[in-house]
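Chemist:
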Amino acid sequence: MFALMQSSRLESLHLSVDPITGLKAVIAIHCSRPGPALGGCRYLAYPDDESAVADAVRLAQGMSYKAALAGLPVGGGVAVIMRPAHVESRAALFEAFGRCIEQLDGRYITAIDSGTSVADMDCIAQQTRHVTSTTASGDPAPHAAMGVFAGIRATAMARLGSDNLESLRVAIQGLGNVGYALAEQLHAAGAELLVSDIDPGKVQLAMEQLGAHPIANDALLSTPCDILAPCGLGGVLNSHSVAQLRCSAVAGSAHNQLSNLQVADQLERRGILYAPDYVINSGGLIYVALKHRGEELPTITAHLSKIGARLTEVFAHAQAEKRSPARVADELAERLLYR
Ligand code: NAD
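Position one of the sequence shown corresponds to residue 1207 (this note's numbering), numbered consecutively onward.
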């Protein structure tokens, strides 16, 4: 456990259980130098405790890097709640989790992430004010999608020489809160959509509303396209899957897309431009961080609009140094965090 914490420079790890509601939660605070640690709360089934801790630690580090590159006055932290096979009262479980956050006295601020909803955040808010993306503050997903859309434009510009998305073939894996909103924006910009989701209802909706082409889940990554946008869960890019890719660039919202950094080098060798996940998907964090500070929408939108330029800067450094944008972004983030 300590080796894992040291290798990712994690500040602290908090484990909580509540036998009454069945809550088993991990809160990983990666860095609180720039400000309180802010980051999403996942509610997912994990095969074992170690996988839940490893997920929280990895995500928390990414959250710190994301906040640093987005120029936000917050550090990175993440919560993972292990979804039980059966839950008596979901509301009571999230309220119990709210009490855990309250005990940290503002060192960690939570937000919506995979498997959690605005309603869950409202339950947490019954117990603590250190929560965002409630009904009152709003869902960050549309803002995350706006950021990814801007990032896809920057990626297309860098890789294909034009940010005109008309007729560009974009393959989206995962039509959830972010993926579907992104698909809508890409459709409005004239892109051709190839989509997959483990929920056939979402694919059907995208076909009917956006004219999207359905692709089998196991074929999406090897589908010929201009840009692949992973918008489901993380870890989709590994040595095996990268060898199958038939795209010019990867630019999507999913957290921790790379199974390890060597995969970024493999993408580079294959001539596939990779938009570092925590740079392109920072729109959600920008929204919740600024909203929590009481900023108004125009200020938030102005901050969001910088995502494309930030990516362009990372791509330029990467090209000049002939290195993967993932390595360049990591170094930039570490310099900002520990200067
Ligand atoms: P979500 O749970 O609403 O959507 C995920 C979607 O992916 C679901 O529709 C699910 O059925 C689908 N999916 C899962 N595995 C799949 C597979 N193997 N093939 C095809 N589809 C699959 O989550 P979300 O909020 O849309 O977030 C998507 C990703 O973006 C996550 O990795 C999340 O951490 C990240 N992200 C989200 C936000 C946000 O504000 N919601 C912000 C930044 C990053």
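Glycine is no exception: its CB is placed at the ideal position from the N, C-alpha and C atoms.
1) Helix, strand or coil: which one does DSSP assign to T1361?
2) If you draw a straight line from the C-alpha of L1479 to the C-alpha of A1449, how long is it?
3) By how many angstroms is the C-alpha of L1265 removed from the C-alpha of V1215?
4) Return yes when at least one heavy atom of the ligand NAD lies under 7 Å from the C-beta of P1346, else no.
5) Taking C-beta to C-beta, are Y1493 and I1506 nearer than 8 Å?
6) Please return the same chain residues whose Cβ sits closer than 6 Å to the Cβ of G1321, not counting the five positions on each side in sequence.
7) Can you tell me where the alpha helix (DSSP H) with C1329 in it begins and where it stops?
8) Any heavy atom of the ligand NAD closer than 7 Å to the CB of H1509?
9) What do you reckon, are the CB atoms on V1456 and P1430 nearer than 8 Å?
10) Is the Cβ-Cβ distance between G1281 and H1236 less than 8 Å?
11) Should T1341 be labelled buried (16 or more other beta-carbon atoms within 10 Å of its own) or exposed?
12) Can you round the beta-carbon distance between S1445 and Q1472 to whole angstroms, since I take them to be within the 8 Å contact cut?
13) How far does the beta strand (DSSP E) with A1377 in it extend, from its first residue to its last?
14) Hey, could you find the ends of the beta strand (DSSP E) V1293 is sitting in?
15) Per the DSSP calculation, E1398 is bridged to which residue(s)?
16) With hydrogens ignored, establish whether the beta-carbon of Q1332 is closer than 7 Å to any heavy atom of the ligand NAD.
17) Can you tell me whether DSSP reads T1316 as helix, strand or coil?
18) Rounding to the nearest angstrom, what Cα-Cα distance links G1312 and N1462 in this structure?
19) Can you determine whether any heavy atom of the ligand SAM sits closer than 7 Å to the C-beta of V1384, and answer yes or no?
20) Could you check the C-alpha separation between G1397 and G1353 for me, to the nearest Å?
21) Look at the alpha carbon of R1475 and the alpha carbon of S1530, and state the distance between them as a whole number of angstroms.
22) With a CB to CB cut of under 7 Å and the five nearest residues on each side skipped, what residues in its chain are close to G1241?
23) Among Q1267, M1211, A1231, G1380, which one has its Cα closest to the Cα of G1245?
24) One question on the structure: do V1376 and A1347 come within less than 8 Å of each other, judged by their Cβ atoms?
25) How would you write the range of the alpha helix (DSSP H) that I1492 sits in, first residue to last?
26) For a test of your reading of the model: does the CB of A1362 fall under 7 Å from any non-hydrogen atom of the ligand NAD? Yes or no.
Modeler: Once the coordinates are examined:
1) The residue labelled residue 1361 in the question sits at position 155 within the sequence shown. It is helical.
2) Translated into positions along the sequence shown, residue 1479 becomes position 273. Translated into positions along the sequence shown, residue 1449 becomes position 243. A direct Cα-Cα distance of roughly 14 Å separates L1479 from A1449.
3) To locate residue 1215, count along the sequence shown from 1; it is residue 9. To locate residue 1265, count along the sequence shown from 1; it is residue 59. Reading off the sequence, residue 1215 comes out as Arg, not Val. R1215 and L1265: Cα-Cα distance of roughly 13 Å.
4) Locating residue 1346 in the sequence shown gives position 140, where the first residue counts as 1. Yes, Cβ of P1346 sits closer than 7 Å to a heavy atom of the ligand NAD.
5) Indexing the sequence shown from 1 puts residue 1493 at position 287. Indexing the sequence shown from 1 puts residue 1506 at position 300. Their beta carbons are under 8 Å apart, which means Y1493 touches I1506 by this criterion.
6) Sequence index remark: in the sequence shown, residue 1321 carries index 115 (1-based). Around G1321: R1248, Y1249, L1250.
7) The residue you call residue 1329 lines up with position 123 of the sequence shown. 1324-1331 is the span of the alpha helix (DSSP H), which, as asked, contains C1329.
8) Residue 1509 sits at position 303 when you count from the first residue of the sequence shown. No, the ligand NAD has no heavy atom inside 7 Å of this Cβ.
9) Translated into the one-based positions of the sequence shown, residue 1456 becomes position 250. Translated into the one-based positions of the sequence shown, residue 1430 becomes position 224. In this structure, the beta-carbon distance from V1456 to P1430 does not fall below 8 Å.
10) Indexing the sequence shown from 1 puts residue 1281 at position 75. Indexing the sequence shown from 1 puts residue 1236 at position 30. Taking 8 Å as the Cβ cut-off, G1281 and H1236 qualify as a contacting pair.
11) Indexing the sequence shown from 1 puts residue 1341 at position 135. So T1341 ends up on the exposed side.
12) The residue labelled residue 1445 in the question sits at position 239 within the sequence shown. The residue labelled residue 1472 in the question sits at position 266 within the sequence shown. 6 Å between Cβ atoms; contact.
13) Position 171 of the sequence shown, counted from the first residue, corresponds to residue 1377. 1375-1379 is the extent of the beta strand (DSSP E) around A1377.
14) The residue given as residue 1293 occupies position 87 in the sequence shown. Taken as a continuous stretch (DSSP letters only), V1293 belongs to no beta strand (DSSP E), as it is neither H nor E.
15) Taking the sequence shown and counting its residues from 1, the one referred to as residue 1398 is at position 192. Paired residue(s): R1375.
16) As a working mapping, residue 1332 is identified with position 126 in the sequence shown. Incorrect: Q1332 has no Cβ contact closer than 7 Å to the ligand NAD.
17) On the sequence shown, residue 1316 is found 110 positions in, with the first residue counted as 1. If DSSP states are grouped into helix, strand and coil, T1316 belongs with the strands.
18) Position 106 of the sequence shown, counting from 1, holds the residue named residue 1312. Position 256 of the sequence shown, counting from 1, holds the residue named residue 1462. A straight line joining the alpha-carbon of G1312 with that of N1462 spans about 26 Å.
19) Only the ligand NAD can be found as ligands here, which leaves the ligand SAM out of the picture.
20) As a position in the sequence shown, residue 1397 is number 191, starting the count at 1. As a position in the sequence shown, residue 1353 is number 147, starting the count at 1. Checking the sequence, you will find Ala at residue 1397 rather than Gly. Using only the alpha carbons, I get a separation of about 17 Å.
21) Position 269 of the sequence shown, counted from the first residue, corresponds to residue 1475. Position 324 of the sequence shown, counted from the first residue, corresponds to residue 1530. Each residue's Cα considered, the two are about 9 Å apart.
22) Walking along the sequence shown from the start, residue 1241 turns up at place 35. Excluding residues within five positions, the ones whose Cβ falls inside 7 Å are P1279, V1280, G1281.
23) Start at 1 with the first residue of the sequence shown, and residue 1245 comes out as number 39. Of Q1267, M1211, A1231, G1380, the residue nearest in Cα terms is Q1267.
24) Translated into positions along the sequence shown, residue 1376 becomes position 170. Translated into positions along the sequence shown, residue 1347 becomes position 141. No, these two residues do not count as a Cβ contact at 8 Å.
25) As a first step, residue 1492 is located in the sequence shown; it is residue number 286 there, counting from the start. First-last of the alpha helix (DSSP H) with I1492: 1489-1498.
26) Residue numbering aside, residue 1362 sits at position 156 when the sequence shown is read from its first letter. No, the ligand NAD has no heavy atom inside 7 Å of this Cβ.
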